[in-house]
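Some notes on the structure that comes next.
In our numbering, the protein residues as written are 1 to 533.
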């Protein structure tokens, strides 16, 4: 339980069993553990204090009720009474563990039956969440609709409708660690911590209502690069993680692209290198390949500035056309910056703000380098975040704002500029890239083309084990186990006010689409049907 005093601020949910899979996928735990111990030392003191208190109370109770019984003569009556009480209380304890006399014991999702989703962590406790989630190793097949009706509501097999010839642009996908919309100039707040990214947003096609599909990097990377979200648990930690999938790498390889993925972290971190192989990337470039630990931050990997400079050099060596993605790391906890820049960036209300400014600076230096390259103007850059970071604003800390991220498409030297209020999600990025280049082959995606104005756009994610669905100005919070939904308004500080008439036509359409998406997601993973030819 004490571990979540610290971890909850990052995930906004009780810790579940997949944390062991995350730890198992780390090859740099020996470096991370000292940083956690340093920043969250008080958690260990609290835990030790609880253990001491429990010990003292047990000792006191034992002396009063157990130790003084050693010389007692037990009669048959006493034995029967105590045996009876033990049976009764054992039965009550078992019923308590199960949560009642119903056929199936309660699970994490049942917390949503009693409180709103933002209160679910208060109802749950961490040991319960970990024990119950340990059993979540397979998904349940959904049958909300017939197969044909489900496809009408959401079809994962995509095919661009235009007849324009494929344009073989280079593609660079930049994934910024923890870059919340809240930190940027599109947050409608007085202070921005991303001056360079803000300037770039003015030069490209910006989606101001972008949502992440999860709250962790292990959930964001597959959503962005292979249009595969994580709803019940991180996709890479499920039994379906070895499914055959279609990603940007596998799809563009059919067009003769060279592909690569760069991350300054220790090779093996969160199994990103394994995912890249599965997703068809020809080359993974991590801390090992960087091969210069003078730029090691001591915790996660190589500082953003030197790593992005190396990335710029490596891109220049790639044969065109190429697809490459880079994932930064310096804006991750423990939110430190290199010693030489400690006085360069002012402190913000949160520790993360200084590291965000450093990563934004590193991004600026990267673009200063690649602007000189011949391939620069023939390249589509896509810049987004893997998930959101800590929040200092009540609006961005709620279950809507807590998932809002910037999504920018940028091709230098073109008139491809706009501010678009369409609701989009990370899984829409892959279809968006393929649409922009007029990709002319079918593919599987659990997102939609964000540039297609004839499509009903939405965003989906999981919040405290309830499925959230953003559609128009609605947020629909759906409990799969009880088939119950709550409707909320989105878009202002009072977004959490319950809609008075939840059964209006728009809300009903949205709920249908949400169920169709869930059916498509579950059944595609279960049946390994994540490829369209």
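Virtual Cβ for every residue (Gly too), placed ideally from N, Cα, C.
Roughly how many whole angstroms lie between the Cα atoms of residue 342 and residue 355?
Answer to the nearest angstrom: the Cα atoms are 10 Å apart.
Quick check on the burial criterion: 16 or more other C-beta atoms within 10 angstroms. Buried or exposed for residue 125?
So residue 125 ends up on the exposed side.
Take the Cβ of residue 234 as the centre, count every other Cβ of all protein chains shown within 10 Å, and call the residue buried at 16 or more, exposed below.
The residue in question, residue 234, is buried, as its Cβ has 16 or more Cβ neighbours within 10 Å.
With 16 as the cutoff for other CB atoms within 10 Å, does residue 310 come out buried or exposed?
So residue 310 ends up on the buried side.
Straight-line CA distance for residue 507 to residue 143?
In a straight line, the C-alpha of residue 507 is about 21 Å away from that of residue 143.
Buried or exposed for residue 210, please, with buried defined as at least 16 other CB atoms from any protein chain shown within 10 angstroms of its CB.
Classification for residue 210: buried.
Enumerate in chain order the residues of its own chain whose CB-to-CB distance from residue 377 is below 6 Å, with the five nearest sequence positions on each side excluded.
Only 412 and 413 meet the Cβ criterion.
Taking the C-alpha atoms as reference points, what is the distance between residue 193 and residue 269?
Spanning the two alpha carbons is a distance of roughly 27 Å.
Between the region 444 to 461 and the region 479 to 487, do at least 3 Cβ pairs fall closer than 8 Å?
With the cut-off at 8 Å, the region 444 to 461 and the region 479 to 487 do not touch.
So for residue 365, helix, strand or coil by DSSP?
Helix at residue 365.
I'd like the span of the beta strand (DSSP E) that includes residue 323, first residue to last.
Looking at the DSSP string, the run of the beta strand (DSSP E) that includes residue 323 is 322 to 327.
Within the same chain, show all residues whose beta-carbon is closer than 7 Å to that of residue 13, passing over the 5 residues directly before and after it, in chain order.
Contacts found: 121 and 464.
Going straight from the alpha carbon of residue 500 to that of residue 489, what length do you get?
Per-residue confidence for residue 500 stands at a pLDDT of 49, beneath the threshold of 50, marking its modelled position as unreliable; the derived number appears in the next sentence. Approximately 10 Å, taken between the alpha carbons.
According to DSSP, is residue 520 helix, strand or coil?
Reduced to three states, the DSSP call for residue 520 is helix.
Grouping DSSP H, G and I as helix and E and B as strand, with all else coil, what is residue 424?
Three-state DSSP puts residue 424 in a strand.
Within a Cβ cutoff of 6 Å, which residues of the same chain sit near residue 471, ignoring the five residues on either side of it in sequence?
Excluding sequence neighbours, residue 471 sits near 458 and 510.
Which same chain residues end up closer than 6 Å to residue 238 when comparing Cβ atoms and leaving out the 5 residues on each side of it in sequence?
So no residue of the chain qualifies.
By alpha-carbon positions, which one of 435, 522, 298 and 516 ends up nearest to residue 163?
Considering only alpha carbons, the answer is 435.
I need the DSSP call for residue 149, collapsed to helix, strand or coil.
Reduced to three states, the DSSP call for residue 149 is helix.
Are residue 327 and residue 175 closer than 9 Å when you measure CB to CB?
Yes; because the gap between Cβ atoms is below 9 Å, this pair is in contact.
Does the beta-carbon of residue 47, which I'm using as the reference point, lie nearer than 8 Å to any heavy atom of the ligand NAD?
The ligand NAD is not part of the structure shown, which contains no ligands of any sort.
Once the 5 residues before and after residue 290 are set aside, which same chain residues still bring their CB inside 7 Å of it?
Same-chain partners within the cutoff: 264, 302, 307 and 310.
Using a 10 Å radius around the Cβ and a threshold of 16 neighbouring Cβ atoms, would you call residue 104 buried or exposed?
Exposed, because fewer than 16 other Cβ atoms sit within 10 Å of the Cβ of residue 104.
Would you please state the rounded distance, in angstroms, between the beta carbons of residue 217 and residue 386? I believe it to be under 8 Å.
About 5 Å; that satisfies the 8 Å criterion.
With C-beta atoms as the reference, is residue 227 less than 9 Å away from residue 444?
Yes, these two residues count as a Cβ contact at 9 Å.
Alpha carbons only, please: which of 363, 474 and 212 is nearest the one belonging to residue 330?
Of the listed residues, the one whose Cα sits closest to residue 330 is 363.
Could you tell me the alpha carbon to alpha carbon distance between residue 185 and residue 323, rounded to whole angstroms?
The straight-line gap from Cα to Cα measures roughly 28 Å.
Would the beta-carbon of residue 282 fall within 9 Å of that of residue 258?
In this structure, residue 258 lies closer than 9 Å to residue 282 by Cβ.
Could you check the C-alpha separation between residue 15 and residue 134 for me, to the nearest Å?
Whole-angstrom Cα-Cα distance: 11 Å.
Going by DSSP in three states, residue 245 sits in which element: helix, strand or coil?
Coil.
Can you tell me whether residue 398 is buried or exposed? The criterion is at least 16 other CB atoms within 10 Å of its CB, across all chains shown.
Buried, by the Cβ-count rule.
Are residue 37 and residue 300 closer than 9 Å when you measure CB to CB?
No.
Quick check on the DSSP output: what are the complete alpha helix (DSSP H) runs of length 4 or more inside the region 185 to 261, in order along the chain?
Runs found: 195 to 201, 217 to 226 and 248 to 253.
CB-CB under 6 Å to residue 441, same chain, minus the five flanking residues each way: which ones, in chain order?
Excluding positions up to five away in sequence, the list is empty.
What number of angstroms, rounded off, separates the C-alpha of residue 46 from the C-alpha of residue 39?
If you take the alpha carbons of residue 46 and residue 39, they lie about 14 Å apart.
In three-state DSSP terms, what is residue 276?
It is helical.
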